[in-house]
Structures are given as C-alpha cells and as structure tokens.
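There are 2 protein chains.
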Amino acid sequence: MALYVYKFGGTSVGSVERIKAVAQRVKKVHDRGDQIVVVVSAMSGETNKLLALAKAMQNTPNNRELDVLLATGEQVTMALLSMALHDLGCPACSYTGGQVKILTDSSHTKARIRNIDDERLRKDLAAGRVVVVAGFQGVDQEDNITTLGRGGSDTTAVALAAALKADECHIYTDVDGVYTTDPRVEPKARRLDKITFEEMLEMASLGSKVLQIRSVEFAGKYNVALRVLSSFTEGQGTLITYEDNQMEQALISAIAFNRDEAKLTITGVPDLPGVAYKILGPVADANIEIDMIIQNIAGDDTTDFTFTVHRNDYRQAKELLVGVCAQLGAKAVSGDDKIVKISIVGVGMRSHAGIASTMFKTLAQEGINIRMISTSEIKISVVVDEKYLELAVRALHSAFELELEPVES
Amino acid sequence: MALYVYKFGGTSVGSVERIKAVAQRVKKVHDRGDQIVVVVSAMSGETNKLLALAKAMQNTPNNRELDVLLATGEQVTMALLSMALHDLGCPACSYTGGQVKILTDSSHTKARIRNIDDERLRKDLAAGRVVVVAGFQGVDQEDNITTLGRGGSDTTAVALAAALKADECHIYTDVDGVYTTDPRVEPKARRLDKITFEEMLEMASLGSKVLQIRSVEFAGKYNVALRVLSSFTEGQGTLITYEDNQMEQALISAIAFNRDEAKLTITGVPDLPGVAYKILGPVADANIEIDMIIQNIAGDDTTDFTFTVHRNDYRQAKELLVGVCAQLGAKAVSGDDKIVKISIVGVGMRSHAGIASTMFKTLAQEGINIRMISTSEIKISVVVDEKYLELAVRALHSAFELELEPVES
C-alpha cells in the first residue's frame, strides 16, 4: 500500500466536467488500495474574479482580508471534488488549510509554511477515506487565514507529502512532463523521464513555468519524490528526484530560455570599492529584480558594469541608471531590451569538461553573437539578440543530442 | 458608548455598490464612538449559484461538504465589507464562524448554536475595530464547518448580541419594519414602533417573512432587543422587545395571513381513543407539516376531523387520508385548497374580553363565512375562502383601528 499526494491546478478543476474527471482518476488510486491526499487549486478564473471584486472595494486591498477572500476559491473546489467522490461511492472528506492544520507565518499573501499537523489526515486515511485539502492556504498562530502566494498549491502538496512521508507527490498540470526544451520552439524536444531537483530549480528560475520554484526547493529539502504529469492524458510524466548512480548520465538535460530579458550597461565607472552597490542599490530599492550581473575592467581606472532585468522594468531601470551615472561620474548608460537568455542545464556538466566550448562553438557556427555569459555549477547561460532565439535553441538541442534517449550508465 | 450588532442580508450586500453603502452606514456608528459587530449573509444569488454547482456534482450533495461549500458565500462578503471599511479609513477585521468561534452541534445544513467564544471579538472591539462576522455558519466540536439553515444569519446576529450583551441587534432587510398588516393588501397599514417577542413569533409562524422564527425565539430567550430596519432607507424600524408597562396597550397589534393553506376533512370517524394519531400519523410520516387541527363530535358515536396543510402538500395528504378512511371505516374525505388563514395577534387580548366577538361580527357583516376557528392566548385565527382574503383583512384592520397610532397607557 502506497501513499500519494496528488495536486490538481486551476485548469484541471476548471469545470464541473473536469472535477468529475479528477474524481474518476482519484477513485482508481483508492480502489487499488492505495492511500491518497488530493490538493486542489481554485477553479480557473475564480481567483481573478475575486481579485477584481477586491479591487472594486479597495484600490490596494488589505492583505489580511485579501487572504480571507482568496481562500474561498480553493474551499469551493475541495467541497465540489469531495461531493464528486461521494457520488462515485468513494468516501472522502475535505479540509481547509486552517482545518488541517497548515500553520504558516503571518506574511499575508506570501506566507511560508511552518508546520503541518497531519494527525487528522492520518486518521481519515487509516479509515479508508480520500482526503481533499485546499491548496494555497493556511493559518497563522492567531488563526488568521493566510495564503502562500503564486503557485502556492504546489507548495501545499509538497509540504503535505513531506509531513505524511508520501511515496510520491504528483503535480497534475496541462503539460505531460518536463521537456528537453519548449516543444513550440524545437519540435524534436523530448519528455524527460527524470530530472534532478537542482536541474529543475535552474529550469524553473529560468522561466520554465511547469512548477513553482518554492515547491521544488521544498521537495528537494525534504526529499519528496515529485512527479509532473498531465491531468488531461495518461502517462508517466517526469520524476524529479535526487541524482543517483542509476540515473541517466546525460551531459546536459535541457535547454531553458527566457524571452523577457533586457540588458543595461553603464560604462566608464570609476573602479572604486562599493561601486556595485551604488549602481544596483537604487534599482533594488525600486523593487526591480536583477538577474545576471557582469563586471569587466575596461583597462584604465574605470570599469564597465552590465546587468539584466525583466523587460517590463527596463524603462524605469534605465532612468534610475542615468541618475546614478551622473552621480558616479561614469561615462554613459546604454541598454537593449531585445535580448533573450538561453541556458543549458545539466548535472552531468559537473564531471565533464568541454560543455561550454561545445555551446560557444555551436552558436558561432550559426553566426550568433554572444552578448553576455554567466555560469553556475550545473548551468551555462548566454544572452543573445532576440532574433536568434529559435535558431540557437534548435542548434544547441541538436549539438547536445537531446532528441535521443540517454544511455543508462 | 453602546454596543450594536448589525446584520445585513443578501440583497443588502448584493453588489459592490451595496457593500460600500453598508460600509458607510457602519462607519457612522464607529465614528460616533459606539462599538459595532456586523454580521453578513452571502451576496444575493451566490448561495443559489453554489447550490447549483453542488447538484451538478451529486444529486443529493453530501451534507458535510455542502456546508463547506456554502460557507464560502459569507466569507466572500465579510472580506469585501472589511476591505470597504478599510478603504474609508475605518479599522476592521473579519472572522468566519470557525474563527469566532461559533460552536454548533454536528447537524450539517441545520446546525444549532451551542456556544460562542467572544474573547477575540471583545479584544478587537476594545481596540477600536469594527468586527465583521460571517453569518449562517459555525463549526462543530471536531472543527467541521456547519451551517445554520435558512435565515441562519439572523440567528448568528442574535446569538452574537446575546453573547456580547449588545445594547441592540439590528436586522437590516428590504422592508423598513413590521407592519400592522401587509401594505399590499391594506394600504392604510401602519409600521409598528414596537412589537413583543410573542406577537412577532405568532406573526413569523403565520408567514410574515420579515424575520426568521428561530432568531426571534433566540432573542426572546436571551432578552436581546431586536430591531428590524431597511438597509435602503433611513428610519427607526420596529423594535421587538418584552412587554412592559410603558408599552403601547393596543388590543391587537397586527393582522397576519397565510395564503398557502389547504384544508382536509375526514367525516364519520369512529370516536375511539388513538384515532387522531391514526389519522395524522401517516401524514406526519410523509414529512407533511400540519398546521391547524379541529375535531368535532358529530353527535352519534363518530367524529369529524379537520386539519390544514401547506397547499403544495394538499394532493399527497388527501391520497394518504383516503387510505386512512378505508382502514378506520370512516365515512368520507373532503378537502378544499382554496382557503386562507387570517389571524389577529396582540398581547392586549389577554386582558380584554370581546376581541373574538368583534372579529366574528366584522366578518359576518361583510358576509364572510368562517370555515375554521383556532385560538391561542394572544392570537385568533380563522380560515375563510380565499376570495375573501383582502376584504377580510381590510375590514378587520379598520374594525380594530390599526391605522391609528395607539395611545400610550
């Protein structure tokens, strides 16, 4: 007898019919004698509807009350799914985050889970019931309703799986797994059977929106075997797990990319201690997230400083930088918001030399100019002109033979 | 400094604009230094929308899960109202029934309140905050969400007023108070400034749907001063309170009526012990509510037995009675579903003779035949043909001079 936590997102429970389909899938697990906890999101569209109501009340809605409001979305879904299960003759019981209880800190709209009391769930599971839990929500120490922020339902599922020591945590979405790259860009992209937590983290932070990054961190930290599957089709999906000896030893696992980047450069900056802070401080103070940062010594006593931001923040960041430039007596500010970031990701590159050179050679052969380079232990990222995105992804996909099933080592 | 509990029903919070209007009204109370707890229903239409979703899942939705689902309606309203108050600069905090906490028994969809823990509310009130509470809901001892059934928000308000020893409990509806009779039937009908709990109970049970009967019982039991007012207009409404010496000493206070009655008679029943049970047992077993019951000795060793039911149950009750008639060896079953019940209600009739004769004389003068009579200590009810309803109500309203303001005794 195994114990599973299944999580279904908004589109997977977006209608009466979809919820009934989920109930059928859950019942199968129950019927074969396994235990199952189901975490649900709000029906797609509901959260936005509630947000619109909130904004009609208060331009910037009170955070505590916003959490009270948004938490109703998941509560509706959990009750409906539980009814659908009862209708199939499958015993079920639904719980809000507060009932479980999922204890969080008091940071309304972006709370973090502190503890889960799994006693009640264990009793239900032992009694042969399916347990349905509202994702995305919890309560703080004073019993105020909190929500976990975007993608919070994934985090709820992983946290429950960790607390219950579940055999696997299944995240059902509208894609059937993690791919070597976006199939809309490279039709030869292949679904990965497995990927490591580290690789998945790099993928997620690079804008591959399959899983919420916090839930992957959480799963890695508590060693929860995480599987991404489609709620619309059958299949094994992709298992996210620790690197082990049995693991497929591909040099790199996937190619991620991010279209929403913009690049800013300030040249001729006097090369003095604290200069990086003076440049990036005002940008960070304006709540603009900075991604890649590169600094080059120009040769004389000055330095060139380049960083990337989200394309939406480009104009504001540039204005701030013009002010900084004058203050520092730097030479000039330039920028480009028609760039993209492409990254190759793989734990295999730790133990293999030559990955970077293969990447750079491949891009050079296609005549693609590299504008920035940044590396981590299991990732190499380059910034190139936007127009080269598809060409670069396909060339790299082919160069690293990602379309081929890896050979077991 | 006074403490008020205000309750706003579904139409009073039916839109963004209506909720903002409620916030304005509440803020005025807060601004003048009084303490206020606001109980809200679901926005009008929401509960029916949720019920439809439930029925799409399960023909007869699981009661526990139905409560989980329906409770979201009030939770949405309470968060929105709290935001609207914040938007006006009025500090506010919203609570679900479970958070308050309003402890009920475990009878899902028709739970009864057992206890209210008012400590948290008192803290908020002391800190100068408006407290917004979801009506209609509570939790049982195992923290399962329960609902109180139809009109449950009125009961929540009265129970909170009792627990907090509030000065007054205001029920805001779409009418501006309790009238001497339905103004659509008698345009001279007058709004009552005061009415006693006992009178209000008789009115409510007679189909005057201003207040849910349980909430009136509750208010009477715990001596909560209850006021019915319109949420759409200004005014003092009607205060429901205990009879006291200062109270206006009208002979009768109001004329209530019920259009939905039907009458059934079984004649020639052998007059033996247990015969009433044999007749009414099968009707009660079919969950048909019986209203008036009259038994007359026919003179020989048989008796005639008459009772009234809701018009919707007439056909089914008659069929059952035909079976009973054969079993008992009674003579015949007859019936009439074109009858109405008209009642005069007033605590004053306790101490005044001649009320009944005035009533009967008035109806006789109009040529209205009385089909049944039933009395209680503060009420006289007659059943007449449906076609006489308006004529009878107007004649009685005039005979008892209800259009005139009563003279203080």
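Sequence order for the protein chains is A and B. For the first sequence, the numbering used here gives the first residue as 1, with consecutive numbering after it. For the second sequence, the numbering used here gives the first residue as 1001, with consecutive numbering after it. Cβ coordinates follow ideal geometry from the N, Cα and C atoms, glycine included.
Measure from the C-beta of residue i to each C-beta in chain A and report whether the shortest distance is under 8 angstroms.
i        : result
V1283(B) : no
A1126(B) : no
P1273(B) : no
A1143(B) : The displayed chain sequence assigns Asp, not Ala, to residue 1143(B). Judged by the 8 angstroms Cβ criterion, D1143(B) is in contact with chain A.
V1076(B) : yes
V1068(B) : yes
A1189(B) : no
S1012(B) : no
D1105(B) : no
A1056(B) : yes
S1153(B) : no
E1119(B) : no
Q1099(B) : yes
I1294(B) : no
I1019(B) : yes
S994(B)  : Here chain B has residues from 1001 to 1409 only, and residue 994(B) is not among them.
Closer than 8 angstroms, CB to CB, is residue i near chain B or not?
i       : result
D34(A)  : no
I102(A) : no
E46(A)  : no
S343(A) : no
L229(A) : no
L80(A)  : yes
N62(A)  : yes
H86(A)  : yes
L51(A)  : no
S409(A) : Residue confidence for S409(A) is low, a pLDDT of 47 falling below 50, so the modelled location carries little weight; the figure read from the coordinates is stated next. Not closer than 8 angstroms to any Cβ of chain B, the Cβ of S409(A) fails to qualify, so no.
V158(A) : no
T72(A)  : yes
N83(A)  : The amino acid at residue 83(A) is misidentified as Asn; the sequence shows Met. For M83(A), the answer is yes, since a Cβ of chain B falls inside 8 angstroms of its Cβ.
V16(A)  : yes
If you check the beta carbons only, do residue i and residue j fall under 8 angstroms apart?
i        : j        : result
L1226(B) : I1171(B) : yes
V1039(B) : A1157(B) : yes
A159(A)  : I113(A)  : yes
A1395(B) : L1363(B) : yes
V178(A)  : V224(A)  : no
V1345(B) : I1266(B) : no
M292(A)  : T303(A)  : no
A163(A)  : I195(A)  : no
V1037(B) : V1013(B) : no
Q75(A)   : A134(A)  : yes
D1176(B) : G1097(B) : no
L53(A)   : L70(A)   : no
A1042(B) : T1077(B) : yes
V1269(B) : A1330(B) : yes
V429(A)  : P282(A)  : Chain A is shown from 1 up to 409; residue 429(A) falls before or after that span and cannot be answered.
Among all the DSSP beta bridges, which residues are the ones paired with residue i?
i        : result
A1229(B) : Going by the sequence as given, residue 1229(B) is Leu instead of Ala. Note: L1229(B) sits in a beta bridge opposite Y1172(B).
M1372(B) : V1383(B)
N430(A)  : No answer is possible for residue 430(A): it lies beyond the span of chain A, which begins at 1 and ends at 409.
N266(A)  : Reading the sequence as shown, one finds Ile at residue 266(A) and not Asn. F305(A), V333(A), per the DSSP bridge assignment.
Y388(A)  : In DSSP, Y388(A) forms no bridge with anything.
Q1058(B) : Paired residues: none, contrary to the question.
C93(A)   : V131(A)
Q295(A)  : F305(A)
Y6(A)    : V38(A), H170(A)
T1238(B) : V1228(B)
Between residue i and the ligand FAD, is there a pair consisting of the residue's CB and a ligand heavy atom that are separated by less than 7 angstroms?
i        : result
R1227(B) : No copy of the ligand FAD occurs in the structure displayed, which carries no ligand at all.
Please list the partners that residue i has in chain C, where partner means a Cβ-to-Cβ separation under 7 angstroms.
i      : result
S94(A) : The chain inventory of the structure shown lacks chain C, comprising the protein chains A and B.
Segments of 3+ residues assigned as beta strand (DSSP E) that fall wholly inside the stretch 191-220 of chain A: Entirely contained in the stretch 191-220 of chain A, the beta strand (DSSP E) runs reaching 3 residues are, in chain order, 194-196.
Should the stretch 171-188 of chain A be regarded as contacting the stretch 228-246 of chain A, the criterion being three or more beta carbon pairs within less than 8 angstroms? The count of Cβ pairs closer than 8 angstroms, one atom from the stretch 171-188 of chain A and one from the stretch 228-246 of chain A, reaches three, so the stretches are in contact.
On the three-pair Cβ rule with 8 angstroms, is the stretch 1124-1134 of chain B touching the stretch 1093-1112 of chain B? With a cut-off of 8 angstroms, the stretch 1093-1112 of chain B and the stretch 1124-1134 of chain B count as touching, because enough Cβ pairs lie within range.
Any 3 or more C-beta pairs closer than 8 angstroms across the stretch 394-405 of chain A and the stretch 1051-1061 of chain B: Cβ pair count under 8 angstroms is below three, so no.
As an exercise, report each continuous alpha helix (DSSP H) stretch of at least 4 residues that is fully enclosed by the stretch 133-182 of chain A, in chain order. Runs of the alpha helix (DSSP H) lying entirely within the stretch 133-182 of chain A, each at least 4 residues long, are 152-164 in chain order.
Just checking, does the stretch 101-119 of chain A make contact with the stretch 141-151 of chain A on the three C-beta pairs under 8 angstroms criterion? Contact between the stretch 101-119 of chain A and the stretch 141-151 of chain A is present: 3 or more CB-CB pairs across the two stretches fall below 8 angstroms.
Using a Cβ distance threshold of 8 angstroms, determine whether the stretch 1016-1027 of chain B contacts the stretch 1079-1090 of chain B, with at least three qualifying pairs required. They touch, by the three-pair rule.
So within the stretch 1024-1049 of chain B, which uninterrupted beta strand (DSSP E) runs reach at least 3 residues, ignoring any that extend past its ends? DSSP runs (the beta strand (DSSP E)) wholly in the stretch 1024-1049 of chain B: 1035-1040.
Pair every Cβ in the stretch 1274-1288 of chain B with every Cβ in the stretch 1383-1399 of chain B, then say whether three or more of these pairs are closer than 8 angstroms. Touching, no.
Contact between the stretch 252-265 of chain A and the stretch 340-352 of chain A (3+ Cβ pairs under 8 angstroms): Taking one beta carbon from each stretch, the stretch 252-265 of chain A and the stretch 340-352 of chain A have 3 or more pairs nearer than 8 angstroms; the two touch.
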